[in-house]
Structure formats: structure tokens, C-alpha cells
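Trainee: Residue numbers (this note's numbering), protein chains in the order written: chain V, 572 to 712; chain F, 1460 to 1568.
Don't be surprised by glycine CBs; every beta carbon is placed ideally from N, CA and C.
1) Would you say the segment 1472-1480 of chain F touches the segment 609-628 of chain V, given that touching needs at least three Cβ pairs under 8 Å?
2) Tell me the rounded alpha-carbon separation between residue 685(V) and residue 587(V).
3) Would you mind telling me which residues of chain C sit closer than 8 Å to residue 1488(F), beta carbon to beta carbon, in chain order?
4) How big is the Cα-Cα spacing for residue 1464(F) and residue 1511(F)?
5) Would you kindly check if the distance between the Cβ of residue 602(V) and the Cβ of residue 709(V) is under 8 Å?
6) For residue 614(V), tell me which candidate among 574(V), 644(V), 675(V) has the shortest Cα-Cα distance.
7) For residue 1530(F), which residues does DSSP report across the bridge?
8) Determine the chain V residues that contact residue 1503(F) at a beta-carbon separation under 7 Å, and present them in chain order.
9) Using the DSSP secondary-structure output, state which residues sit across from residue 695(V) in a beta bridge.
10) Does the separation of the CB atoms of residue 1491(F) and residue 653(V) fall below 8 Å?
11) Determine which residues of the segment 1503-1526 of chain F have a Cβ less than 7 Å from any Cβ of chain V, and write them out in chain order.
12) Would you please verify whether the beta carbon of residue 1483(F) is less than 8 Å from any beta carbon of chain V?
13) Does the ligand GDP have a heavy atom nearer than 7 Å to the CB of residue 616(V)?
14) Let me see if you follow: with CB-CB separation under 8 Å, is residue 658(V) close to chain F or not?
15) Look at the alpha carbon of residue 600(V) and the alpha carbon of residue 644(V), and state the distance between them as a whole number of angstroms.
16) Taking only beta-carbon atoms, is residue 1541(F) less than 8 Å away from chain V?
17) In chain F, which residues lie less than 9 Å from residue 590(V) when you measure between Cβ atoms?
18) Examine the Cβ distances between the segment 1493-1501 of chain F and the segment 678-695 of chain V and report whether three or more of them are shorter than 8 Å.
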């Protein structure tokens, strides 16, 4: 079964594109801004750092809820499109997101009040990054 | 081992390769989603999925969502392994050609 390099590269490209579509199907136009806003709000709320420990815990918990909501939104869109579960490299990306979320939770729990605006700014930057990154997927439709 | 020795005949057509690669990204997928994203007609998808199922590479599950009948497709573990070997073989062919190209370039210098 002979195959030349051009055919091999073409098949590799086909496989990569199909994998991408299976792992990250195109999104409806409303999903990127919605996720961006949720992520921005999650980080800002997480870094609110009020003096009261209970309010601080509530802020961090609220941040977690908003972050999870963003993930569930993406998962819901994918399920609605008829694709269930994630396999392969895309699954590892999720593990990276969980690590990042854990980092923000720890930072949120120990943040000083003066860091509030830095965290809000970080939230806006992260939210915009999510919006732009997911927007590329929406543009593939 | 010669580059490309691990190529699998089941994935030699672009259509079957697309279907398998798409299914490799998920646990299972709706027939219509595969059809839409792989740009295939229902009959072509059905024919190729049947072939993959005969090889033990894919499974077809029929069910209902509410009252609507649905068909779900998934790649079996055997199919995932076979696809991984096939992609490795393709990469070997591409790499071998690139290596030869570099060697030729050096000879000319």
C-alpha cells in the first residue's frame, strides 16, 4: 500500500480538521460574548476580596459558579449539536482550565483588598481573550 | 520498519478518515452531526459507517430523544487504536519525505 508524502500530508490535514470539528464544533454567535462576560465576571468576583471572611468565601464561590456556568454553556451547545464527551488532546486542555481555575480560587482566597482592581482588570482581559478565541470558532459556521 | 508500514486500509479513503477522526474527538455523536460536519450525504455516511462497523472500528446505537428517533455513532477502542496507528504511519511518511528533502538540499550545497 504505497502513499506519497503529499497524500500523507493531505490526509493528516483532513484528520486534524475533522478532529477539531468533533472536539470544538462551531459555536452560535451569542456564545463567545456570553462566555467572555461570564469569565470576566467570575474573575472580578473572585478577586473582590472583602474584609469579611464569609463575604470573601461567597465571592469566590460566586466566581466558581460563573466559571462553571461558562463551561456548562459550551458543553450544552456541543450536546445540542449532537456531540457528547471529549476525547484526545482537547480533554487535556480542559485539565489546564481546571488548573487555572484552581489558581484563581487560591488567589481569590488570599487576595488583599488593594488587589481588587488588578483582579477586575485581569478579568476583563481574560474575558476579552475568551470572547476572541471562541469568536474564531463561531466564525467557522 | 519502512515509513507507512502501519497504514490501515480502512482509513485510506478521505471520507472514512474524516468520519473516524471526527468520532475520535468525542464519546459518541449524532448521525446528523457527523453528516453535517463531515459534509456527507446520509447514504454515503451510512455506507462508510457500516464498513467501519464491520471492521469493528465503529458502533451504531439507535435510540430516541423524546419521540424523535436518533442514531448515535461512536468509535470503538479498537478503532481509536487503529486510527492512532494510521496517523502515526502518515506522519512517518511525511517526516521521511521531509528528511529526504533536507538531505538532498545538503548534497547540493
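Mentor: This is what the structure gives:
1) no
2) 46 Å
3) The structure shown contains no chain C; the protein chains it does contain are V and F.
4) 20 Å
5) yes
6) 675(V)
7) 1521(F)
8) Near residue 1503(F) there are no residues of chain V at all, since even the closest Cβ is about 15 Å away, more than 7 Å.
9) Answer by DSSP bridge pairing: none, since residue 695(V) is not bridged.
10) yes
11) none
12) yes
13) Here there are no bound small molecules, and the ligand GDP is not part of this structure.
14) yes
15) 13 Å
16) no
17) 1480, 1481, 1483, 1484
18) no
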